[in-house]
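Working notes for the structure below.
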Amino acid sequence: MTQHEHHHAHGHDDGHHHGGHIEHSPPAHHSMKNGIWAWMSGWLFTTNHKDIGTLYMLMSLLMLFVGGAMALLIRLQLFQPGAQYFDPNFYNILVTVHGLIMIFGVIMPAFVGLANWMIPMMIGAPDMALPRLNNWSFWLLPFAFTLLISSLFVAGGGPNFGWTMYAPLSSTYGPPSTDYLIVAIHMMGISSVLGAINIIATIINLRAPGMTWMKMPLFVWSWFITAFLLIGAMPVLAGVVTMVLFDRHFGTSFFEAAGGGDPVMFQHLFWFFGHPEVYIMILPAFGIISEVIPTFSRKKLFGYEFMVGAVAAIAFLSYIVWGHHMFTAGMAVGTQLYFMYVTMLIAVPTGIKVFNWVGTMWRGSLSFETPMLFAIAFVVLFTIGGFSGLMLAIVPADYQYQDTYFVVAHFHYVLVAGALLSIFCAVYYWLPKWTGRYYNETLGQWHFWLTLIGVNLTFFPMHFLGLAGMPRRITDYAPQFTEFNMVCTVGAFILGFSQLLFLYNVLSTMFGKGKEADSRVWEASHGLEWTLTSPPPYHSFSTPPDLREITHEVDEKYVHE
Amino acid sequence: MSNQKSHRKIFIIGGTVGLIMFAFAFAMVPLYGLICKRAGLNSTAANNGLLSSVSAETKEPADLTRTVKVQFVAVNHNGMPWEFFPRTKEIVVHPGENNKIFFFAKNTTEKTMSVQAIPSMTPTEALTHFHKIECFCFTQQTLNGRASKEMPMIFRIDKDLPKEIHVITLAYTLFDTTPKETRKG
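Quick mapping for you: the protein sequence lines, in order, are chains B and R.
For what it's worth, my numbering labels the leading residue of the first sequence as 60, then goes sequentially.
For what it's worth, my numbering labels the leading residue of the second sequence as 863, then goes sequentially.
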């Protein structure tokens, strides 16, 4: 198949018949002028990587507000002691569903959306390798989340055992809605694995001539490695929730001690998935930051080869450290020591990354547009989250911190101040490319500073609460924790409501407000995506770009030292 | 450029790896027990000693200079409707002698039920020195509705028991193992 036949086969007969000829008329479903049916079927059956990327991002944005509203309810309940607003079971449901939605509904779809939008454009491909599969990967998700959220409204209430779904809380004692959750996780798992296969096929097969492995942008590299983590880890989660389903309904005893099973095995299997999962949620963030910092430092990324190696090393280590989540679950001393040492080893490649980001900024000609602000905040705050992770890796210390707010502080620093901030960073960075218009910079800066203050006000005091002994996942607490909890709640509301600025800024840019952007967008932008117009043509590169010419032009933008 | 064949190859390889990892989760069920037993990693492996019998014969006489207090605890697993308690709450024994005590169990329901008692011991250092010669916990116990039973346990503590151990607590948790079909009927 030639390239444009390839497009043709994917159902877009909307004027892109001639390779190389850029057509500016948007496809029929991009506006409602062609009728609601054309609009709906267009989005439903689209196989275009940009459309699907947009769908992923919009779903993630919607889920951010759903999960965020739950977080605000949690913080409302914890504003002062006494479980003032709702009963403990509903609180547990909120904690569980908040976690699941934020992980599977916000962070992961946002990264997959970014991958869909950017990877074909960054490697000089016309589209993803398997476009129909891509469509299916996305459209599984709205159904999965409808199922998950509807579990809140069935008799017996939603899942209430924490996002980790530990057996026997989910098997023997789980409410009926647990089955909704299990099927939803199966759907998300299938979606993620298919998406990952698609990304791997795209990166291996559709790179433009001259785009060798070690010329690939770091975002592409980090997603290439993340895709392998997804294929390796998500099926294990699917397997373990299938076992829970069997234990619940088919009389098996995978996790039932009375029948010869072992509930601790649930934890081993869950965290064998769970630890690669946390890197699935941070490696693409590393990729984003590695794209943004060089642009606004007007330098090349410092130590490119080491950055690639560090991502690969972190991904490898992520498979062999799961035991650090279960030090107190009953584990031999030798095993604890092994998990402690390999966990601490992760600090080495992570340290390389932080060092190289700082090295990229060193003596750079920095400017502080919104994406750069988010990138710098990411480096600083993610490092704080990394350090608290090191503290948690130390076995005797972990015996103290286990199941306290210190853990909550740690993973919110890496997931909110890390992953979520990197997604904001990416959206601000590439939004002018996607829409052809700059977002409102003033609003962007307001959003950044309010988010920064909100994040730290919400999550920093949680370190102190945890060290002082406040357990996590409780609806009521001892009065000595009141002041810090009040600070956390105030911070959470600042953080939550400042996201409305982001919503407005993104939507108004999407719908045509803002200054028009040229194809380069940023002064020192680098890479193939910036050689396309803003917004880019519906099919990115109908003829593969000649990388040698473009690379030469890009290189001139940089000061070489 | 776009090569459908190699896309398919990657799809098949990726999908197969996914399926293998799914199967891997289930393969962990036998492997998990095997690894723990081989490496002696888990205390459940040591606990298995509590579930197997030893010979009643002892060649050497009991160590009458030393006494150890053994306490018995009975717990019903969540939702178990049986009456279950030790006839002897605690007993003072000499290391090396055989002792016999009874647990009482009564099925308070109308239906025939099977149960399994799962032991656990503190301190765990005593695990390898506490030998059961006969125990109701070796097998599943089945009682008709409203029936009751005195269940014997014969045990011996060996003379190598560390000197600092003076009290041993043996707890049994009673689990319902009635097959699901009969449970419903």
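Glycine included, every Cβ here is placed at the ideal spot set by N, Cα and C.
The structure displayed is predicted, hence computed values, not measured ones.
Nearest by alpha-carbon distance to residue i: which of the options is it?
i	options	result
Ala-880/R	Leu-253/B, Arg-496/B, Ile-208/B and Val-549/B	The sequence as given places Gly at residue 880/R; Ala does not occur at that position. Comparing Cα positions, the closest option is Leu-253/B.
Phe-375/B	Met-161/B, Val-156/B, Gly-233/B and Ala-286/B	Ala-286/B
Trp-195/B	His-108/B, Trp-176/B and Leu-153/B	His-108/B
Ala-887/R	Trp-416/B, Phe-465/B, Phe-332/B and Lys-412/B	Phe-332/B
Val-407/B	Phe-446/B, Thr-429/B and Glu-582/B	Phe-446/B
Gly-221/B	Ile-152/B, Thr-510/B, Tyr-144/B and Ala-468/B	Ile-152/B
Val-165/B	Thr-534/B, Phe-437/B and Phe-204/B	Phe-204/B
Met-180/B	Leu-587/B, Asp-605/B and Pro-594/B	Leu-587/B
Gly-513/B	Ser-481/B, Ala-527/B, Leu-265/B and Gln-558/B	Gln-558/B
Thr-927/R	Phe-966/R, His-1028/R and Glu-1012/R	His-1028/R
Gly-269/B	Gly-183/B, Met-340/B, His-469/B and Phe-465/B	Gly-183/B
Trp-330/B	Phe-540/B, Phe-386/B and Phe-561/B	Phe-386/B
Thr-986/R	His-939/R, Thr-1031/R, Arg-1008/R and Thr-950/R	Thr-1031/R
Gly-495/B	Gly-573/B, Thr-517/B, Ala-436/B and Ile-263/B	Gly-573/B
Do you know offhand how far residue i's Cα is from residue j's?
i	j	result
Asp-925/R	Arg-1018/R	12 angstroms
Ile-875/R	Leu-440/B	38 angstroms
Ile-980/R	His-993/R	15 angstroms
Leu-479/B	Thr-971/R	55 angstroms
Leu-1036/R	Tyr-338/B	42 angstroms
His-76/B	Val-486/B	Here His-76/B scores only 40 on pLDDT, less than 50, and its place in the model is too uncertain to base an answer on.
Ser-599/B	Phe-170/B	19 angstroms
Arg-607/B	Pro-185/B	18 angstroms
His-869/R	Leu-103/B	24 angstroms
Ile-162/B	Val-549/B	23 angstroms
Cys-898/R	Thr-1039/R	24 angstroms
Phe-124/B	Leu-117/B	11 angstroms
Cys-999/R	Thr-984/R	17 angstroms
Ile-111/B	Trp-581/B	25 angstroms
Ser-578/B	Pro-430/B	17 angstroms
Trp-505/B	Gly-158/B	27 angstroms
Leu-240/B	Leu-207/B	5 angstroms
Ala-933/R	Cys-997/R	In the sequence as presented, Ala is not what sits at residue 933/R; that position holds Gln. Roughly 16 angstroms between the two C-alpha positions.
Leu-404/B	Leu-526/B	24 angstroms
Gly-101/B	Ala-87/B	7 angstroms
Thr-237/B	Val-156/B	11 angstroms
For residue i, would you say it is in contact with chain B, using Cβ-to-Cβ distances shorter than 8 angstroms as the test?
i	result
Thr-984/R	no
Ile-872/R	yes
Ser-1010/R	no
Phe-966/R	no
His-869/R	yes
Ala-979/R	no
Met-883/R	yes
Thr-1004/R	no
Would you say residue i lies against chain R (beta-carbon separation less than 8 angstroms)?
i	result
Met-399/B	no
His-327/B	yes
Leu-304/B	no
Val-454/B	no
Ala-174/B	no
Leu-103/B	no
Val-242/B	no
Pro-179/B	no
His-80/B	Residue confidence is low: His-80/B scores 44 on pLDDT, short of 50, so the model does not pin down where it sits. Its coordinate-derived value is still stated next. For His-80/B, the answer is no, since every Cβ of chain R falls outside 8 angstroms of its Cβ.
Val-580/B	no
Gly-368/B	no
Gly-571/B	no
Asn-264/B	yes
Pro-235/B	no
Phe-313/B	yes
Ala-527/B	no
Quick check: residue i and residue j, are their CB atoms within less than 8 angstroms of each other?
i	j	result
Phe-552/B	Leu-131/B	yes
Met-890/R	Leu-328/B	yes
Met-224/B	Val-303/B	yes
Trp-416/B	Val-401/B	no
Phe-966/R	Glu-1012/R	yes
Phe-873/R	Ala-297/B	no
Ala-174/B	Trp-282/B	yes
Trp-944/R	Lys-973/R	no
Chain D beta carbons: is any one of them nearer than 8 angstroms to that of residue i?
i	result
Leu-189/B	Absent here is chain D; the protein component of the structure consists of chains B and R.
Does the contact criterion of 3 or more C-beta pairs under 8 angstroms hold for the region 345-362 of chain B versus the region 390-401 of chain B?
no
Any contact of the region 1002-1021 of chain R with the region 948-965 of chain R, i.e. 3+ C-beta pairs under 8 angstroms?
yes
Count the C-beta pairs between the region 529-542 of chain B and the region 139-151 of chain B that are closer than 8 angstroms, then say yes if the count reaches three, no if not.
yes
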